[in-house]
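Undergrad:
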Amino acid sequence: MARGRNKDVEPASSPAPRRRRSRWHWLWKLPLLLALLSIAQVLVLRFVDPPFSSFMAIRQFEALRGGDTGFRIAYDWRDLDRIAPSLPLAAVAAEDQNFASHRGFDLAAIEHALESNADGGRIRGGSTISQQLAKNLFLWGGRSWVRKGAEAWYTLWIELLWPKQRILEVYVNVAEFGDGIYGAQAAARSYWGKDADALSNSQSARLAAVLPSPRRYSAHRPGPWVQRRTQWIERNMRNLGGEAWLERLE
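Here UniProt numbering is used: the first residue of the sequence shown is 1, the next is one more, and so on.
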């Protein structure tokens with residue numbers, strides 16, 4: 001009769017550690033996946049006109065949450081050559097006069113804004129048109145560091161992948177010019193019953209004048225502040241060189 005030999009039998013390995021390792025394996029890849037998806041978003045919209053923006057979706061949701069089921073976003077895309085040149089020029093004159101030369105971030109404007117805010121004056125922003133486009137198109141409002149970081153990331157890729165004219169084209173189509181009124185065509189039709197290519201210099205400047213707070217100020221019935229800002233924008237438009245400035249933009 002063969003003598004049995006005792007062997008230490010190793011217990012079967014538990015699947016739990018493998019599951020934990022699998023979760024950690026995907027966790028470090030998640031930021032990379034999100035980064036690649038965001039870059040793909042920017043690249044696609046270099047060629048495809050956005051059907052809506054993040055801000056439009058948020059505003060529509062706010063209306064529904066508030067019980068305003070009849071609220072509808074006014075948005076009608078127009079290519080840049082079907083928008084009066086005075087509007088993108090007015091946007092630059094009002095919001096970002098160094099638009100042609102910076103690569104998404106205007107450090108001098110940011111420094112000036114910080115100094116003004118520290119002195120207790122009227123709160124100023126140092127955001128460029130590219131930064132505002134990144135926020136309006138992909139993100140949400142607010143002043144959190146998370147949102148500002150995401151804004152900087154999208155701005156970087158917008159500037160790397162889009163020409164300046166495309167940035168302006170998308171911006172004047174998704175910018176809010178009144179509560180629920182987005183883009184040049186919707187604003188022109190809502191306020192003056194005309195198409196965006198028929199906007200006058202003064203009307204374009206008034207639209208640009210309300211961009212800091214389009215739900216507070218009216219381009220259609222401008223108050224004293226909007227009127228003063230409109231005159232200032234028109235002077236800046238002339239100082240930039242008028243519509244010839246757009247023709248030199250890449």
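Idealized CB from N, CA, C, for every residue including glycine.
(1) Short of 6 angstroms in beta carbon distance, which residues of its chain neighbour Ile39, apart from the five on each side in sequence? Order them along the chain.
(2) Taking Gly149 as part of the alpha helix (DSSP H), name the residues at either end of that continuous run.
(3) Under the three-state reduction of DSSP, which class applies to Ala74: helix, strand or coil?
(4) In the DSSP assignment, find the unbroken alpha helix (DSSP H) run with Phe177 in it and report its ends.
(5) Spell out the partners DSSP gives Ile181 in its beta bridges.
(6) To the nearest angstrom, report how far apart Gly193 and Ala186 are at their CA atoms.
(7) Might you give, ordered along the chain, the residues of its own chain that have their beta carbon closer than 6 angstroms to the beta carbon of Phe71, omitting 5 neighbours on each side?
(8) Quick one: using the 10 Å Cβ neighbour count with 16 as the cut-off for buried, is Val44 buried or exposed?
(9) Relative to the alpha-carbon of Arg166, which residue among Trp28, Pro50 and Ala35 has its alpha-carbon at the smallest distance?
(10) Could you tell me which uninterrupted beta strand (DSSP E) segments, each at least 3 residues in length, are contained entirely in the stretch 163 to 228, listed from first to last along the chain?
(11) Does the stretch 228 to 241 come close enough to the stretch 91 to 104 that 3 or more CB-CB pairs lie under 8 angstroms?
(12) Assuming Val48 is part of the alpha helix (DSSP H), what are its boundary residues?
(13) Less than 8 angstroms separating the beta-carbons of Asp179 and Arg215?
(14) Flag this pair as yes or no: are the beta carbons of Ala91 and Tyr171 separated by less than 8 angstroms?
(15) Run through DSSP, which three-state label would Phe52 get?
(16) May I ask which residues mark the beginning and end of the alpha helix (DSSP H) holding Phe138?
(17) Alpha carbon to alpha carbon, how far is Leu32 from Ile189? Give it in angstroms, no decimals.
(18) Looking only at its chain, what residues have a beta carbon closer than 7 angstroms to the beta carbon of Glu176, apart from the 5 residues adjacent to it on each side?
TA: With the structure as the only source:
(1) If we look at Ile39 and ignore the five residues flanking it on each side, its Cβ neighbours are Trp157.
(2) Annotation for Gly149: the continuous alpha helix (DSSP H) segment containing it runs Trp145 to Leu161.
(3) In this structure, Ala74 counts as strand in the three-state DSSP scheme.
(4) Counted as a single uninterrupted DSSP element, the stretch harbouring Phe177 is not any alpha helix (DSSP H) but the beta strand (DSSP E) occupying residues Glu176 to Gly178.
(5) Note: Ile181 sits in a beta bridge opposite Ala74 and Gly178.
(6) Looking at the backbone, the Cα of Gly193 and that of Ala186 are separated by about 9 angstroms.
(7) Here the set comprises Ala63.
(8) Exposed: under 16 other Cβ atoms inside 10 Å.
(9) From the listed residues Trp28, Pro50 and Ala35, the smallest Cα separation to Arg166 is found for Pro50.
(10) The stretch 163 to 228 contains, as complete beta strand (DSSP E) runs of 3+ residues, the segments 176 to 178 (chain order).
(11) As far as the Cβ criterion goes, the stretch 91 to 104 touches the stretch 228 to 241, which means the pair count is three or higher.
(12) It is not in any alpha helix (DSSP H) - Val48 carries neither H nor E in the DSSP assignment.
(13) Taking 8 angstroms as the Cβ cut-off, Asp179 and Arg215 qualify as a contacting pair.
(14) In contact: Ala91 and Tyr171 (Cβ atoms closer than 8 angstroms).
(15) Of the three classes helix, strand and coil, the one that applies to Phe52 here is coil, per DSSP.
(16) Phe138: member of the alpha helix (DSSP H) spanning Ile129 to Phe138, first to last residue.
(17) The sequence shown places Arg at residue 189, rather than the Ile named in the question. Roughly 43 angstroms separates the two Cα atoms.
(18) Only Phe55, Tyr182 and Pro214 meet the Cβ criterion.
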